[in-house]
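Below you'll find the structure, written out as structure tokens, and then a few comments.
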Amino acid sequence: MAKSQWRNETSIIPLRPNPRDRVGHNVTVNGDRYRALITNFFIPELNNHDVQELWFQQDGATCHTARATIDLLKDTFGDRLISRFGPVSWHPRSCDLTPLDYFLWGYVKSLVYADKPQTLDHLEDNIRRVIADIRPQMLEKVIENWTSRLDYIRASCGSPMPEIIFKM
């Protein structure tokens, strides 16, 4: 799963291709593949939503921050892009402030692997189910936690955060 997302007030949707379109083997995600993912899977999905209300956040992986990738995302999201080299900059290695890192991946992983999936299809079904079961109330708590984290970082002049227990 790519560590990118689109988010509105009630949704966090990981960006990933349709499983029917698998290449059949592992590949390295480079700028061209990432842009193809955005162009072929993500942007068509956005046609079902009011893009003017959506923000896009991604980490600082090289394929995410290539000039052509940033240009593509700016064309789609304008100033609602949170990314290294984007209109709203996101500091690299800022896992304390990245909901994907401090909440989503650990939460999803703990549930996805609970029944020890033995096939890729089973794993993908689990991922879809777990993501679909994330409710707006849970995301509201994630955002509340995020603002608390921002307050801590601001008050401590950017010091790393101590171990924090994420409470739901």
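Numbering (our numbering), first residue to last: 290 to 457. Using N, Cα and C, we set each Cβ at its ideal position, and we do this for glycine too. It should be emphasised that the depicted structure is a prediction, and the values quoted were computed from it without experimental measurement.
V377 is bridged by DSSP to I371. In the three-state reduction of the DSSP assignment, Q426 falls in the helix class, which pools H, G and I. By the neighbour-count definition (other C-beta atoms within 10 Å, threshold 16), H338 is an exposed residue.
If the five residues before and after V316 are omitted, its C-beta is found closer than 8 Å to the C-beta atoms of R322, all from its own chain and listed in chain order.
Taking the Cα of A325 as reference, the smallest distance to any Cα among M427, L361, D348 and F345 is reached at L361. Counting along the chain, A421 sits inside the alpha helix (DSSP H) bounded by residues L409 to A421.
For N329, the secondary structure class from DSSP, reduced to helix, strand or coil, is helix. With respect to the C-alpha of G375, the residue from I420, Q346, I432 and K398 having the closest C-alpha is Q346. Per the Cβ contact rule, the region 392 to 403 is in contact with the region 417 to 424 (3 or more Cβ pairs under 8 Å). Straight across, the Cα-Cα distance linking D410 with A444 is about 46 Å.
Under the 10 Å beta carbon count, I432 is surrounded by fewer than 16 other beta carbons and is classified as exposed. The alpha-carbon separation between G349 and V318 amounts to approximately 13 Å. Within the same chain, I371 come within 6 Å of V377 by CB-CB distance, once the 5 residues on both sides are set aside. Annotation: the continuous alpha helix (DSSP H) that includes V397 extends over W394 to V401.
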